[in-house]
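Below is the structure:
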């Protein structure tokens, strides 16, 4: 079945550091890939998405590229801020029913 | 665009009572909505898929008689936790499908005493 594996956290960085959160997936067919962010006590917000191989999703300085050859969708940001502290979920969507399969989530803590 | 709301944001109830949670898509119509449950420091667990005008599809292990889902319009789905018990205390999150992407509500914190 489909699955998503994320790097374990928490990830602790200083402000303005470079961020990478690894995400790999296993899927049949050609899923869409997503990154969602969850701030404390809130629901999930869509951060970015990519629907086919080599697509790059980007938003608010975050980027991720759909790599079919390595089945990866790593999240990157060049310079993190304290306000980026949150939990980040990588997910894939099977096109049959659009159900999401989530990774376990990665806690990011950014120190000033 | 693609805003989803939930109501209430927090609810405390006594054991044995029922609680209804509403999920609304505010600026789009959603034929399909999803209900999730999230335990502390864990990922989301899909409970059921809610389709407008038809019965919900429940995931394995989710009691359909305990978690009643109604999707009576293209902008509203409700989840009713019937005869709630302390083990039902959790964070419940809904999402609505729009252009093949799920947009999530802010969540409802349920505490059953």
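Chains as they are written, first to last, in our numbering: chain Y, 171 to 282; chain H, 97 to 209. We put the CB at the ideal spot given by N, CA and C, even for glycine. These numbers come from a predicted model, not from an experiment.
- Contact between the segment 273 to 281 of chain Y and the segment 176 to 184 of chain H is absent: fewer than 3 CB-CB pairs across the two stretches fall below 8 Å.
- DSSP, read as helix, strand or coil, puts residue 183/H in helix.
- With contacts defined as CB atoms closer than 7 Å, residue 141/H and residue 192/H fail to qualify as a contacting pair.
- Judged by DSSP in its simplified three-state form, residue 99/H adopts coil rather than helix or strand.
- The C-alpha of residue 100/H is placed about 24 Å away from the C-alpha of residue 109/H.
- Within the segment 131 to 209 of chain H, the runs of beta strand (DSSP E) at least 3 residues long that lie entirely inside it are, in chain order, 140 to 147, 163 to 169, 172 to 177, 186 to 194, 197 to 200, 204 to 208.
- Contact annotation for residue 274/Y against chain H: 139 [CB-CB distance below 7 Å, chain order].
- Cβ contact annotation for residue 199/H (same chain, cutoff 7 Å, sequence separation greater than five): 98, 100, 191, 192, in chain order.
- Beta-bridge annotation (DSSP): residue 215/Y is paired with 207/Y.
- With the rule of 3 Cβ pairs closer than 8 Å, the segment 179 to 199 of chain Y does not count as touching the segment 168 to 175 of chain H.
- Annotation: the continuous beta strand (DSSP E) that includes residue 183/Y extends over 181 to 184.
- For residue 145/H, the neighbours in chain Y by C-beta distance under 8 Å run, in chain order, 267, 269.
- Looking only at 209/H, 175/H, 197/H, the smallest Cα-Cα distance to residue 102/H is reached by 175/H.
- Exposed is the label assigned to residue 224/Y, since fewer than 16 other Cβ atoms lie within 10 Å of its Cβ.
- Take the alpha-carbon of residue 222/Y and the one of residue 238/Y: they are about 8 Å apart.
- Neighbourhood of residue 218/Y in chain H, by CB distance below 9 Å: empty, with the nearest CB roughly 11 Å away.
- Straight across, the Cα-Cα distance linking residue 107/H with residue 279/Y is about 29 Å.
- Counting every other CB atom within 10 Å of its CB across the protein chains shown gives residue 122/H a total below 16, marking it as exposed.
- Taking a 10 Å sphere around the C-beta of residue 251/Y, we find fewer than 16 other C-beta atoms and assign the residue as exposed.
- According to the DSSP assignment, residue 227/Y belongs to the beta strand (DSSP E) that extends over 226 to 229.
- Sorting 180/Y, 240/Y, 202/Y, 281/Y by C-alpha distance to the C-alpha of residue 271/Y places 202/Y at the top.
- In the structure shown, residue 253/Y adopts helical secondary structure according to DSSP, grouped into three states.
- For residue 270/Y, the enclosing beta strand (DSSP E) stretches over residues 270 to 272.
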